[in-house]
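*Asks:* Below is one structure. I have some questions about it.
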Amino acid sequence: STCQANVNIPEIPITKFEDNFTPTITEKLPDSEQYLAVLEEKLRKIKNDPRVLAQLAAKKADCMQQLLTGAVHIEEEIIELDVPISNSQILRTIAPQKQALNQGEIVELVKYDQLKDDDSDSEVNKDCSTNCNP
């Protein structure tokens, strides 16, 4: 093994990256003022529309009521997570990364998709899309 004899050590220690991962361009885009004006106009229309405010208030009240009076679903079954699972020896040989070793690896962690549209949200969006357009 060889050792490099002439190593340059900077006099001032480097404590940050050269650009800190921030863009150096600080100029606004030419249409940014127009874009902001359009957004502010849309916000003003939404804030001043009593139907939108009433829909939001009703949705908030419904959510609060559901939180307060909704049934709590507690599963009585306690799952033993360390129980081994019997898998096919062939599948374990062919695709071991797809085979669960114990019950804990196949438990469904999330049962509800937060992004899934429910009927009440889609009705609010339909009302707003048909009534809020200028």
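The sequence shown begins at 166 in our numbering and counts up one residue at a time. Virtual Cβ for every residue (Gly too), placed ideally from N, Cα, C. Model, not experiment: these values are computed from the prediction.
(1) Cα separation between E198 and E205?
(2) What does the alpha-carbon distance come out to for the pair L256 and A236?
(3) Are the CB atoms of Q262 and V248 nearer to each other than 9 Å?
(4) So what does N267 bridge to, in DSSP terms?
(5) Taking just the CA atoms, how far does V172 sit from T180?
*Replies:* Based on what the coordinates show:
(1) As a working note, residue 198 is residue 33 in the sequence shown. As a working note, residue 205 is residue 40 in the sequence shown. Going from the Cα of E198 to the Cα of E205 covers about 10 Å.
(2) Taking the sequence shown and counting its residues from 1, the one referred to as residue 256 is at position 91. Taking the sequence shown and counting its residues from 1, the one referred to as residue 236 is at position 71. Answer to the nearest angstrom: the Cα atoms are 42 Å apart.
(3) Counting from one through the sequence shown, the residue named residue 262 turns up at place 97. Counting from one through the sequence shown, the residue named residue 248 turns up at place 83. No, the Cβ-Cβ distance between Q262 and V248 is not below 9 Å.
(4) The residue you call residue 267 lines up with position 102 of the sequence shown. According to DSSP, N267 bridges with P249.
(5) Taking the sequence shown and counting its residues from 1, the one referred to as residue 180 is at position 15. Taking the sequence shown and counting its residues from 1, the one referred to as residue 172 is at position 7. Near 19 Å, if we compare the C-alpha coordinates of V172 and T180.
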